[in-house]
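These notes are about the structure you will find just below.
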Amino acid sequence: MKIVVAVKRVIDYNVKVRVKADNSNVDLNNVKMSINPFCEIAVEEALRLREAGVASEIVVVSIGPKQAQDVIRTALAMGADRGIWIDSADAEMNALDIACLLGRVVEAEQPGLVLLGKQAIDSDNNQTAQMLAALCDFPQATFASAVTVEGDQVVVTREIDGGLQTLALDLPAVISTDLRLNEPRYVKLPEIMKAKKKPLTTTTPEQLGVHLENTLSLLRVEPPAERSPGIRVESVDQLIENLKHQAKVL
Ligand code: AMP
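Going left to right, the sequence shown walks through residues 42 to 291 as my numbering numbers them.
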């Protein structure tokens, strides 16, 4: 079985995000970018399925400008077999554009399983996997915390409010990964070197027959309101007194 994994390049999760002075967007100048953490978990899960003998090939796809290739190389260094970069140049894209492009890749590659992150930590959309499943007419399981392939079905445990839900889906299927699914492996230098030689093909939205039509415009980005500083109290009694006093004021 072939697995397609969608990986996005986003601001590294350790970076404190800055807003541009004119509030037009987030400032990406000289900011460290990395593979989206949920996408890294998706790559790791694909690798584990291959190691378990369930998957035979792992294809990673990223859509974005030239630098999107970096996250494909990261996934190849982790162990994926080949990459596809969809060169979107500087086009603004929404989740439906991404899902349409991924849909074309799925059509061409015919995978048994498509893995995505549950959300990209820059846009926090949490939309692409759901839209892709609908476009491909595949069953979907979002927020996966356990994945097992059993014959021509995949059994997925999902993290939902107040507990866990277990679903069995017919393959091919779309799964989006949650934080507790696995802990991605550490990539060693020789693997990074080896990944440079792995095949990476390039295509464009035009070649895939997708006309990008962004229907969203970003109006303004505001940093969160500054919080007033806290105070240190000497004892639990004083803490309780302060809380009582604040409750009266409110
Ligand atoms: P989102 O719906 O934007 O929160 O993203 C959910 C998931 O969709 C991500 O974790 C990726 O797996 C995939 N995805 C979103 N944008 C891209 C992109 N530009 N290239 C590849 N995959 C993407």
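Each residue gets a CB set at the ideal place from its N, CA and C atoms; glycine is no exception.
Task: At least 3 beta-carbon pairs within less than 8 angstroms: the region 220 to 230 vs the region 189 to 196 - done: no
Task: Continuous alpha helix (DSSP H) assignments of at least 4 residues falling wholly in the region 117 to 154 - done: 136 to 150
Task: Assigned secondary structure, Met172 (DSSP; H/G/I helix, E/B strand, else coil) - done: helix
Task: Residues near Lys238 in its chain [Cβ-Cβ closer than 6 angstroms; skip 5 each side] - done: none
Open item on the list: On a Cα-Cα basis, can you pick out the residue from Lys285, Met74, Met42 that is closest to Ala93?
Closed with: Met42
Task: Candidates Leu176, Ile104, Gly204, Lys159: closest to Ala182 by CA position - done: Lys159
- [ ] Check whether the Cβ atoms of Ile82 and Arg50 sit closer than 8 angstroms, and answer yes or no.
- [x] no
TODO: Verify the contact flag: Ala149, CB atom, against every heavy atom of ligand 1, threshold strictly below 7 angstroms.
DONE: no
Task: Glu98 to Gly153 span [Cα, whole Å] - done: 10 angstroms
Task: Cβ neighbours of Thr243 in the same chain (closer than 7 angstroms, five flanking residues each side left out) - done: Trp126, Asp128
Task: Alpha carbon of Glu148 to alpha carbon of Cys177, nearest angstrom - done: 8 angstroms
Task: Reference Arg261; option with closest CA among Val48, Val45, Asp68 - done: Asp68
- [ ] Find out if the Cβ-Cβ distance for the pair Thr157, Ala87 is shorter than 8 angstroms.
- [x] It should be noted that the sequence gives Leu, not Thr, for residue 157. Result no, Cβ atoms of Leu157 and Ala87 do not sit closer than 8 angstroms.
Open item on the list: Considering only heavy atoms of ligand 1, does any lie closer than 7 angstroms to the CB of Cys80?
Closed with: yes
Task: Rounded straight-line distance, which links the Cα of Ile44 to that of Leu241 - done: 16 angstroms
Open item on the list: With a threshold of 7 angstroms (Cβ to nearest heavy atom), would Ala136 be considered close to ligand 1?
Closed with: yes
TODO: Provide the residue span of the alpha helix (DSSP H) that contains Arg221, from first to last.
DONE: Segment: none, Arg221 is in no alpha helix (DSSP H) and carries neither H nor E.
Task: For Lys74: DSSP bridge partner residues - done: Before going further, note that residue 74 is Met rather than Lys in the sequence given. Answer by DSSP bridge pairing, in chain order: Ile52.
Open item on the list: Is it buried or exposed, Gly204, if we count other Cβ atoms within 10 angstroms and call 16 or more buried?
Closed with: exposed
Task: Three-state secondary structure (DSSP) of Asp211 - done: strand
Task: Closest residue to Val72 among Arg89, Leu90, Val58 (Cα-Cα distance) - done: Val58
Open item on the list: Taking 8 angstroms as the limit between beta carbons, can you name the residues of its chain near Glu232, skipping five residues before and five after?
Closed with: Ala118, Met119, Gly120
Task: beta strand (DSSP E) segment containing Lys43, residue limits - done: 43 to 47
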